[in-house]
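The block underneath contains the structure these notes are about, expressed in structure tokens.
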Amino acid sequence: MKKAFTMLELVFVIVVVGILSYMVASSFTRNPLREAADQVVSHIRYTQHLAMMDDKFDVNEAQWFMRRWAIRFQQNVVFGGVANNNVWAYTIFSDIPNFTGHNPDLAGMALNPQDPNQFLSGGYDNTLNISDARAMQSLQLGTHYSIANVTFGGGCRADTMFIHFDYLGRPMNSFPPIASTHAYQPPLAGWHYLLTNQCRITLTDASGNAIIIAIEPETGYTHIL
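As structure tokens, then:
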């Protein structure tokens, strides 16, 4: 005689299927904060790759070290005197020999490998408007991922908000030059100081949730804590 499921067995199967469905659906729930962190980690690693592949050493250029590949975070405030909505964004760039305050310019910005008509920049004050088609929307952490704040801590400086790499891929700690001269004057300007302690970059969303990205000294290994 053929056996049938009892009502209790059917209810049990329905409950199990419901639990499994919830778990699967939860795994696909979008987490903008984590997405932003994963993207930043990827782009820091790409910056390190550029530094190793594009060595800036030049025996005829006394300030060659200022041209190292770097990633810089900034809260865009103005562009051409017009408010830029205080959007947090970042830019991958190498500086030019004639020091400009180590601020990205169009000539030094990295190009998007997937679209050479775009810069690897979410926009930068008085250089690239966040609404410019050449700016990558995904690099605008404030608008694309609702990131409300970015802070630097640990071994990297909180005031300069950028980190750069040497030709071996080692992360460098950056000290700004003397503002009155914009000239390299060691030891006050430590553009070639190796990072000695773990650098920590904290992304915080509008709800106050935070995630920390770590860059290890010497190796430059970048990961999420």
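The sequence shown stops at residue 444 when you use this note's numbering, and every number in between is there.
Idealized CB from N, CA, C, for every residue including glycine.
Within 8 Å, strictly: CB atoms of residue i and residue j
i: Gln333; j: Gly373; result: no
i: Phe338; j: Asn345; result: no
i: Ala308; j: Gln293; result: yes
i: Ser340; j: Thr310; result: yes
i: Met391; j: Leu413; result: yes
i: Ile366; j: Leu360; result: yes
i: Ala429; j: Thr423; result: yes
i: Phe384; j: Ile420; result: no
i: Met355; j: Asp314; result: no
Residue i - DSSP class collapsed to helix/strand/coil
i: Ala402; result: Any reading at Ala402 is ruled out, since the residue's pLDDT is 46, under 50, leaving its predicted position unreliable.
i: Phe338; result: strand
i: Ile431; result: strand
i: Val306; result: strand
i: Ser245; result: Below a pLDDT of 50, predicted positions are generally treated as unreliable, and Ser245, at 49, falls in that range; the measurement from the model is reported next regardless. If DSSP states are grouped into helix, strand and coil, Ser245 belongs with the helices.
i: Arg419; result: strand
i: Tyr364; result: coil
i: Ile349; result: coil
i: Leu358; result: helix
Residues that DSSP places opposite residue i in a beta bridge
i: Trp288; result: Ser313
i: Pro251; result: DSSP output for Pro251 lists no bridge partner at all.
i: Met328; result: Phe312
i: Thr441; result: Ile434
i: Ile382; result: Ile290
i: Leu413; result: Met391
Beta-carbon proximity list for residue i, same chain, < 7 Å, skipping 5 on both sides
i: Thr415; result: Gly374 and Pro436
i: Glu254; result: Tyr364
i: Arg353; result: Asn336, Gln337, Phe338 and Leu347
Integer-rounded CB distance, given that residue j should sit under 8 Å from residue i
i: Ile382; j: Ala256; result: The pair is not a contact, with the Cβ atoms about 16 Å apart (cut-off 8 Å).
i: Phe276; j: Arg291; result: Between Arg291 and Phe276 the Cβ distance is about 21 Å, and since that is not below 8 Å, they are no contact.
i: Thr362; j: Val306; result: 6 Å
Spatial neighbours of residue i in its chain, beta-carbon cut-off 8 Å, leaving aside the 5 residues before and after
i: Thr441; result: Val260, Ile263, Arg264, Gln267, Ile432, Ala433, Ile434 and Glu435
i: Asp351; result: Gly342
i: Ala289; result: Thr266, Ile311, Phe312, Ser313, Asp314, His321, Phe381, Ile382, His383, Phe384 and Ser393
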